[in-house]
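Trainee: Protein chains in written order, with our numbering: chain A, 1 to 207; chain B, 1 to 207. Just so it is clear, CB atoms sit at the ideal spot from N, CA and C, and this is done for glycine as well. Here the structure is a predicted model, which is why all the values come from computation and not from measurement.
There are 2 protein chains.
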Amino acid sequence: MTENLKRGDGLPPAMTRLVKELSRLPGIGEKTAARLAFNLLNRPRQDVIALAEALLEMKERVGLCSECFGLSDTARCSICGDSERAHDLICVVEGPADLMAIERARTYNGVYHVLHGAIAPLDGIGPDDLKVQELLARLERSGGVREVIIATNATVEGEATALYLAKILKPLGVKTTRLARGLPAGGDLEYSDSATLSSALSGRREL
Amino acid sequence: MTENLKRGDGLPPAMTRLVKELSRLPGIGEKTAARLAFNLLNRPRQDVIALAEALLEMKERVGLCSECFGLSDTARCSICGDSERAHDLICVVEGPADLMAIERARTYNGVYHVLHGAIAPLDGIGPDDLKVQELLARLERSGGVREVIIATNATVEGEATALYLAKILKPLGVKTTRLARGLPAGGDLEYSDSATLSSALSGRREL
């Protein structure tokens, strides 16, 4: 048993390389990456090929919709291209994941506008780093937009962005609304924070 | 706002496919898969290609060493092919991850034998499903093996496997040892379970 063993990790280089690449993913440490790599090693060949192809295809095809800046594999995304949706109702979200969450709720029938971020002065992100000019240009271009729903996150950055948008949309005469704030479904009064309770109280509605 | 919206998740098909493939990995649910996919979308092109290539290369190249059945991209792995290691000292482990853990400790200078599992009658796994015959054949083939260290896990299955191996190795006259059981490094007596404390007591050593 020597003391100065300076070897690798006992894995073939191709395995080490995969572990390294996997551990660059967010929230995946080296141990999780090794577990994933061992799982992939024991999976049928076509499963691994399917994953590799999905990665390449995604990078090859997915870009931003020229109208709403949501993710799309065509110049105009399937939502913007859907004639059954209300094109005079625009929901403004911070990112594609937010769009996805609203789509999952299956009750919204308008279109979207993806900002790709939120105003965060401490991180040096201002309105010019977001798709704000594009939103204004879109409103001007398409004319009769009935309503803009601001659906930014209920965070400091999301609030700041909502207030900024409300300010610049006001002169255009477009109706601007924000998502309701209050108790989440299944929410327990006892465990709600004060900010949520304040919103729920001030936003109360007649039964 | 219609009720019968039966649309997708608002993602382009290439993205949905990637999320689906990623969510087949162990411990990765659909939300984590979406988070990983969004991260990959925003990463430089070459990063994604590197991951895809690492996946394909791993599946293409990595097989089992013909001698120890550890992972290898050559017929004989780098450990079995290393003339500076003690080839008369064989450490028997359940899987490649265990081999990796021992290599990381950097104090073991012998070779390995990977069983690829442990005896688990309830799951229908018996000695014939493991590389046990291969171990016996190896001991016979290589002759003068000095010691076999049984390094199976400290679980019910690992224990059963260790006892079984000890039984069949005894007639061969090979010295057979097991890893010590006791308090782990940094272990706190107060929070140790009874089984660990019993092992630590019965295995106590003179100072």
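Rounded to a whole number of angstroms, what is the C-alpha to C-alpha distance between residue 142(A) and residue 103(A)?
Mentor: 23 Å
Trainee: With a threshold of 8 Å, are at least 3 pairs of Cβ atoms found where one atom belongs to the stretch 158 to 166 of chain A and the other to the stretch 189 to 200 of chain A?
Mentor: no
Trainee: Could you pull the start and end residues of the beta strand (DSSP E) that residue 119(A) belongs to?
Mentor: Here residue 119(A) belongs to no beta strand (DSSP E), and DSSP marks it neither H nor E.
Trainee: So, is the C-beta of residue 72(B) closer than 8 Å to a C-beta in chain A?
Mentor: So, interface residue.
Trainee: I believe residue 71(A) touches residue 64(A) by the beta-carbon criterion, under 8 Å. Please report the beta-carbon distance rounded to the nearest angstrom.
Mentor: 7 Å
Trainee: Between residue 216(B) and residue 151(B), what straight-line distance do the alpha-carbon atoms span, to the nearest angstrom?
Mentor: Since the first and last residues shown for chain B are 1 and 207, residue 216(B) lies out of range.
Trainee: Using C-beta distances below 6 Å, list every residue in its chain close to residue 73(A), excluding the 5 sequence neighbours before and after it, in chain order.
Mentor: 61, 62
Trainee: Would you report the Cα separation of residue 19(B) and residue 190(A), rounded to the nearest angstrom?
Mentor: 37 Å
Trainee: Could you check what DSSP says for residue 150(A) in three-state terms: helix, strand or coil?
Mentor: strand
Trainee: Return the CA-CA distance between residue 203(A) and residue 184(A), expressed in angstroms with no decimal places.
Mentor: Their backbone Cα atoms lie some 13 Å apart in a straight line.
Trainee: Just to confirm, are residue 26(A) and residue 35(B) a CB contact at a threshold of 8 Å?
Mentor: Pairing residue 26(A) with residue 35(B) gives a Cβ-Cβ distance under 8 Å.
Trainee: Would residue 92(B) and residue 122(B) be called neighbours here (beta carbons separated by less than 8 Å)?
Mentor: no
Trainee: Could you say which of 179(A), 175(A), 80(A), 77(A) lies nearest to residue 155(A) if we only look at CA atoms?
Mentor: 179(A)
Trainee: In chain order, which beta strand (DSSP E) runs of at least 3 residues are fully inside the stretch 71 to 112 of chain A?
Mentor: 86 to 93
Trainee: Using a Cβ-Cβ cutoff of 7 Å, what residues of the stretch 88 to 101 of chain A are near chain B? List them in chain order.
Mentor: 96, 97, 99, 100
Trainee: In terms of residue numbering, what span does the beta strand (DSSP E) encompassing residue 43(B) cover?
Mentor: It is not in any beta strand (DSSP E) - residue 43(B) carries neither H nor E in the DSSP assignment.
Trainee: Below 7 Å on C-beta distance, what does residue 166(B) contact in chain E?
Mentor: No chain E is present in this structure, whose protein chains are A and B.
Trainee: Using a Cβ-Cβ cut-off of 7 Å (strictly less than) and excluding sequence neighbours within five positions of residue 120(B), which residues of its own chain qualify?
Mentor: 157
Trainee: Would you be able to state if there are at least three C-beta pairs under 8 Å between the stretch 74 to 88 of chain A and the stretch 35 to 54 of chain B?
Mentor: no
Trainee: Would DSSP call residue 64(B) helix, strand or coil?
Mentor: strand
Trainee: Specify the secondary structure class of residue 181(B) as computed by DSSP and reduced to three states.
Mentor: coil
Trainee: Tell me whether residue 149(A) is buried or exposed, calling it buried when 16 or more other Cβ atoms sit within 10 Å of its Cβ.
Mentor: buried
Trainee: Would you please state the rounded distance, in angstroms, between the beta carbons of residue 69(A) and residue 134(A)? I believe it to be under 8 Å.
Mentor: 7 Å
Trainee: According to DSSP, simplified to helix, strand and coil, what is residue 155(B)?
Mentor: coil
Trainee: For residue 21(B), which of 22(A), 50(A), 9(A) has the nearest alpha-carbon?
Mentor: 50(A)
Trainee: Would you report the Cα separation of residue 76(A) and residue 24(B), rounded to the nearest angstrom?
Mentor: 30 Å
Trainee: Between residue 188(A) and chain B, is there a C-beta pair that is closer than 8 Å?
Mentor: no
Trainee: Taking only the alpha-carbon atoms, compute the straight-line gap between residue 59(B) and residue 175(A) and give it to the nearest angstrom.
Mentor: The alpha-carbon of residue 59(B) is positioned some 56 Å away from that of residue 175(A).
Trainee: Where does the unbroken alpha helix (DSSP H) through residue 22(B) begin, and where does it stop?
Mentor: 13 to 22
Trainee: Quick one: which residues of the stretch 49 to 61 of chain B get their C-beta closer than 9 Å to a C-beta of chain A? List them in chain order.
Mentor: 49, 50, 51, 52, 53, 54, 55, 56, 57, 58, 59, 60, 61
Trainee: Which chain B residues sit within Cβ distance under 9 Å of residue 9(A)?
Mentor: 100, 103, 104
Trainee: Beta-carbon separation of residue 9(B) and residue 15(A) under 8 Å?
Mentor: For residue 9(B) and residue 15(A), no; Cβs fall outside 8 Å.
Trainee: What residues from chain A crowd round residue 17(B), counting only those whose CB sits closer than 8 Å?
Mentor: 54, 57, 58
Trainee: Between 66(B), 95(B), 94(B), which lies nearest to residue 81(B) when the distance is taken from Cα to Cα?
Mentor: 66(B)
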